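Asker:
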């Protein structure tokens with residue numbers, strides 16, 4: 004067990020004087036010479052103990068100790084306790100978030116004196132960006148040097164560490180020493196775009212979703228989307244097809260499905276979605292895709308499944324979404340597109356039918372507006388939609404990966420502390436980057452009477 008040494012401390016505590024009793028002096032001292040370290044967000048492996056003794060070193064029982072922490076999400080349980088017959092009081096310390104030194108303060112209110120107990124947390128993964136899209140059981144992140152680290156499931160090699168089968172709770176570096184500007188995930192598939200716009204993919208190559216003309220899986224990155232210089236890529240929920248936006252504003256799609264080229268045959272290599280070059284973003288759902296043009300208009304193609312499970316009308320080429328407001332960003336999951344409005348900056352919306360925008364249940368699920376805080380960005384995931392507010396708080400709408408609660412009808416602000424710089428989810432977990440130090444955490448929800456939120460770190464494997 005790694006521990007952080009502390010110098011044994013003793014602080015004289017002068018008693019309040021009164022007319023009937025002489026002043027009494029006691030000492031508040033930390034038992035032992037060390038406090039065990041832990042990852043930020045984790046609970047220390049041993050309880051913290053302090054002892055109250057008088058000037059002769061005799062333990063003082065029944066003295067009230069108050070415990071207070073200084074880091075976001077840190078908890079001392081209990082937050083107050085009485086010394087026992089040996090003069091000892093104890094608490095369990097769950098560290099908060101942040102890589103800097105954290106402090107637990109033990110105070111004797113009667114004497115207005117306290118003891119500061121510092122701990123430096125163990126190292127965690129630091130990152131600039133998380134993987135977005137609809138990953139299943141894996142998650143990846145880009146560090147400050149644009150290198151990719153992945154953790155979670157590895158059934159098809161989606162961790163990119165040249166192996167298949169063994170999952171990893173700790174992040175592992177993706178093989179090949181690649182540099183990426185963004186990461187996208189699908190079912191058992193991971194991809195990254197390098198600074199030259201080249202797509203690289205690893206894991207399951209279901210229905211040719213790599214876009215390299217094959218369906219061969221790979222446990223390390225291989226080049227995909229042959230011949231394209233890409234600015235962005237999105238992948239359908241079950242990894243059946245993908246679409247990419249090139250650096251010159253064109254959209255290409257590949258895989259199994261309606262790809263927007265006027266046919267429904269699918270392709271293991273990219274096919275163009277028309278000849279227009281005024282596209283600004285692209286998103287894929289389950290069986291359909293949508294794109295935004297430079298005038299912020301929304302266009303979709305494919306076959307949308309209604310909430311009853313039946314397909315709507317099929318569009319083989321891009322069709323403008325009726326009555327949709329101008330959008331600055333677009334994201335999509337199985338049933339719903341979401342985005343931030345261009346005409347109302349900060350207003351993020353989701354609506355039921357990608358082909359017909361309407362706030363009524365007659366057109367799929369009703370319109371839902373994220374809020375009330377202004378949103379910087381909204382992303383579809385394998386489970387909920389997630390948004391970052393202008394203050395760096397995280398909002399969720401739809402199914403949580405931790406429980407099912409009625410899609411699009413449950414909305415909550417996940418965090419009030421922050422700010423957070425990025426947030427994403429796979430089908431099982433929500434992850435976020437803490438902006439002050441770039442550390443990656445799991446935002447864990449516990450369904451109970453308190454609807455408890457727990458923030459857990461993504462720790463690095465021991466060297």
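Residue numbers (our numbering): 4 to 466.
Heads up, the beta-carbon is just placed ideally off N, CA and C, and yes, glycines get one too.
These figures come from a predicted structure and were not determined experimentally.
With a Cβ-Cβ cutoff of 9 angstroms, do residue 192 and residue 138 count as a contact?
Answerer: Working through the chain shown from its first residue, we reach residue 192 at position 189. Working through the chain shown from its first residue, we reach residue 138 at position 135. Yes; because the gap between Cβ atoms is below 9 angstroms, this pair is in contact.
Asker: Taking the continuous beta strand (DSSP E) assigned at residue 399, which residues delimit it?
Answerer: For the purposes of this step, residue 399 is identified with residue 396 of the chain shown, where counting begins at 1. Start and end: 397 to 400.
Asker: Would you call the CB atoms of residue 92 and residue 109 closer than 9 angstroms?
Answerer: The sequence position of residue 92 within the chain shown is 89, counting from 1. The sequence position of residue 109 within the chain shown is 106, counting from 1. It is a contact, given that the beta carbons lie within the stated cut-off.
Asker: According to DSSP, simplified to helix, strand and coil, what is residue 342?
Answerer: Here residue 342 refers to the residue found at position 339 of the chain shown. Strand.
Asker: Looking only at its chain, what residues have a beta carbon closer than 6 angstroms to the beta carbon of residue 519, apart from the 5 residues adjacent to it on each side?
Answerer: Residue 519 lies beyond the range of the chain shown here (4 to 466); nothing can be said about it.
Asker: Would you kindly check if the distance between the Cβ of residue 292 and the Cβ of residue 263 is under 9 angstroms?
Answerer: The residue labelled residue 263 in the question sits at position 260 within the chain shown. The residue labelled residue 292 in the question sits at position 289 within the chain shown. It is a contact, given that the beta carbons lie within the stated cut-off.
Asker: For residue 132 and residue 145, which I take to be in contact (beta-carbon distance under 8 angstroms), what is that distance rounded to the nearest angstrom?
Answerer: Reading the chain shown from its first residue, position 129 is the one you call residue 132. Reading the chain shown from its first residue, position 142 is the one you call residue 145. So it is a contact: roughly 5 angstroms between Cβ atoms.
Asker: Can you tell me whether DSSP reads residue 209 as helix, strand or coil?
Answerer: Here residue 209 is taken as the residue at index 206 of the chain shown, counted from 1. In this structure, residue 209 counts as helix in the three-state DSSP scheme.
Asker: Taking contact to mean at least 3 C-beta pairs separated by less than 8 angstroms, is the segment 262 to 279 in contact with the segment 331 to 342?
Answerer: Result no; under three Cβ-Cβ pairs closer than 8 angstroms.
Asker: In this structure, does DSSP put residue 219 in helix, strand or coil?
Answerer: Along the chain shown, read from residue 1 onward, the residue named residue 219 stands at position 216. If DSSP states are grouped into helix, strand and coil, residue 219 belongs with coil.
Asker: Would you call the segment 151 to 159 in contact with the segment 169 to 182, where contact means no fewer than 3 C-beta pairs closer than 8 angstroms?
Answerer: Result yes; three or more Cβ-Cβ pairs closer than 8 angstroms.
Asker: Please report the straight-line C-alpha distance between residue 63 and residue 96, rounded to a whole angstrom.
Answerer: The residue you call residue 63 lines up with position 60 of the chain shown. The residue you call residue 96 lines up with position 93 of the chain shown. Distance between the alpha carbons of residue 63 and residue 96 is about 23 angstroms.
Asker: Between residue 447 and the rest of its own chain, which residues show a CB-CB distance below 8 angstroms, the 5 nearest in sequence each way excluded?
Answerer: Indexing the chain shown from 1 puts residue 447 at position 444. Contacts found: 405, 432, 433, 456, 457, 458 and 459.
Asker: Residues in the same chain with beta-carbon distance under 6 angstroms from residue 82, minus the five sequence neighbours each way, listed in chain order, please.
Answerer: Here residue 82 refers to the residue found at position 79 of the chain shown. Closer than 6 angstroms at Cβ, skipping near neighbours: 70.
Asker: Let me confirm a value: residue 208 is counted as buried when at least 16 other C-beta atoms fall within 10 Å, else exposed. Which label applies?
Answerer: If you number the chain shown from 1, residue 208 lands on position 205. That one is buried.
Asker: In chain order, what residues of the same chain lie with their CB nearer than 7 angstroms to the CB of residue 270, ignoring the 5 residues before and after it?
Answerer: Here residue 270 refers to the residue found at position 267 of the chain shown. Answer for residue 270: 257 and 262, listed in chain order.
Asker: Look at the alpha carbon of residue 247 and the alpha carbon of residue 348, and state the distance between them as a whole number of angstroms.
Answerer: The residue given as residue 247 occupies position 244 in the chain shown. The residue given as residue 348 occupies position 345 in the chain shown. So the alpha carbons of these two residues sit roughly 25 angstroms apart.
Asker: Taking just the CA atoms, how far does residue 338 sit from residue 101?
Answerer: By one-based count along the chain shown, residue 101 stands at place 98. By one-based count along the chain shown, residue 338 stands at place 335. Near 37 angstroms, if we compare the C-alpha coordinates of residue 338 and residue 101.
Asker: Identify whether residue 386 lies in helix, strand or coil by the three-state DSSP scheme.
Answerer: For the purposes of this step, residue 386 is taken as residue 383 along the chain shown, with counting starting at 1. The answer is coil: DSSP assigns residue 386 none of H, G, I, E or B.
Asker: With DSSP collapsed to three states, give me the class of residue 67.
Answerer: The residue you call residue 67 lines up with position 64 of the chain shown. Strand at residue 67.
Asker: Please report the straight-line C-alpha distance between residue 280 and residue 253, rounded to a whole angstrom.
Answerer: Locating residue 280 in the chain shown gives position 277, counting from the first residue. Locating residue 253 in the chain shown gives position 250, counting from the first residue. If you take the alpha carbons of residue 280 and residue 253, they lie about 5 angstroms apart.
Asker: Pull up the distance between the alpha-carbon of residue 151 and that of residue 84, whole angstroms please.
Answerer: Locating residue 151 in the chain shown gives position 148, where the first residue counts as 1. Locating residue 84 in the chain shown gives position 81, where the first residue counts as 1. If I take the Cα positions, the gap works out to 46 angstroms.
Asker: Looking only at C-alpha atoms, which of 104, 204, 128 and 351 sits nearest to residue 462?
Answerer: Against the chain shown, residue 462 aligns to sequence position 459. Taking only the C-alpha atoms, the option nearest residue 462 is 128.
Asker: Quick check: what's the CA-CA separation for residue 353 versus residue 123?
Answerer: Within the chain shown, the letter at position 350 stands for residue 353. Within the chain shown, the letter at position 120 stands for residue 123. Whole-angstrom Cα-Cα distance: 42 angstroms.
Asker: Quick one: give me the first and last residue of the beta strand (DSSP E) that residue 186 is part of.
Answerer: Position 183 of the chain shown, counted from the start, is the residue given in the question as residue 186. 185 to 189 is the extent of the beta strand (DSSP E) around residue 186.
Asker: Could you give the distance in angstroms between the alpha-carbon of residue 410 and the alpha-carbon of residue 401?
Answerer: Residue numbering aside, residue 410 sits at position 407 when the chain shown is read from its first letter. Residue numbering aside, residue 401 sits at position 398 when the chain shown is read from its first letter. Caution applies to residue 410, whose pLDDT of 40 falls short of 50 and renders its modelled position unreliable; the value that the coordinates give is listed next. About 4 angstroms.
Asker: Compute the Euclidean distance between the alpha carbons of residue 215 and residue 345, then round it to the nearest angstrom.
Answerer: Working through the chain shown from its first residue, we reach residue 215 at position 212. Working through the chain shown from its first residue, we reach residue 345 at position 342. So the alpha carbons of these two residues sit roughly 35 angstroms apart.
Asker: Using the Cα positions of residue 99 and residue 118, report the straight-line distance between them to the nearest angstrom.
Answerer: Along the chain shown, one-based indexing puts residue 99 at 96. Along the chain shown, one-based indexing puts residue 118 at 115. Between residue 99 and residue 118, the C-alpha separation is close to 19 angstroms.
Asker: Grouping DSSP H, G and I as helix and E and B as strand, with all else coil, what is residue 327?
Answerer: Walking along the chain shown from the start, residue 327 turns up at place 324. Looking at residue 327 - three-state DSSP - the assignment turns out to be coil, as it is neither helix nor strand.
Asker: In chain order, what residues of the same chain lie with their CB nearer than 6 angstroms to the CB of residue 445, ignoring the 5 residues before and after it?
Answerer: The residue labelled residue 445 in the question sits at position 442 within the chain shown. Closer than 6 angstroms at Cβ, skipping near neighbours: 432, 434 and 459.
Asker: Closest by CA to residue 60, which one among 40, 330 and 90?
Answerer: The residue labelled residue 60 in the question sits at position 57 within the chain shown. Closest by alpha carbon: 90.
Asker: Considering only residues of the same chain and omitting the five flanking positions on each side of residue 74, which have a CB-CB separation below 6 angstroms?
Answerer: Against the chain shown, residue 74 aligns to sequence position 71. Contacts found: 99, 101 and 105.
Asker: Using three-state DSSP, classify residue 376 as helix, strand or coil.
Answerer: Counting from one through the chain shown, the residue named residue 376 turns up at place 373. Note: residue 376 maps to coil in three-state DSSP.
Asker: Which residues bound the beta strand (DSSP E) around residue 105?
Answerer: As a working note, residue 105 is residue 102 in the chain shown. Counting along the chain, the beta strand (DSSP E) containing residue 105 begins and ends at 105 to 111.
Asker: Does residue 148 pass the burial test, meaning 16 or more other C-beta atoms within 10 Å, or should it be called exposed?
Answerer: For the purposes of this step, residue 148 is taken as residue 145 along the chain shown, with counting starting at 1. Per the 10 Å Cβ criterion, exposed.
Asker: Since residue 66 and residue 120 should fall inside the 8 angstroms C-beta cutoff, what is the C-beta to C-beta distance between them, to a whole number of angstroms?
Answerer: As a first step, residue 66 must be located in the chain shown, where it is residue number 63. As a first step, residue 120 must be located in the chain shown, where it is residue number 117. In fact, because the Cβ distance is near 17 angstroms, the residues do not count as touching under 8 angstroms.
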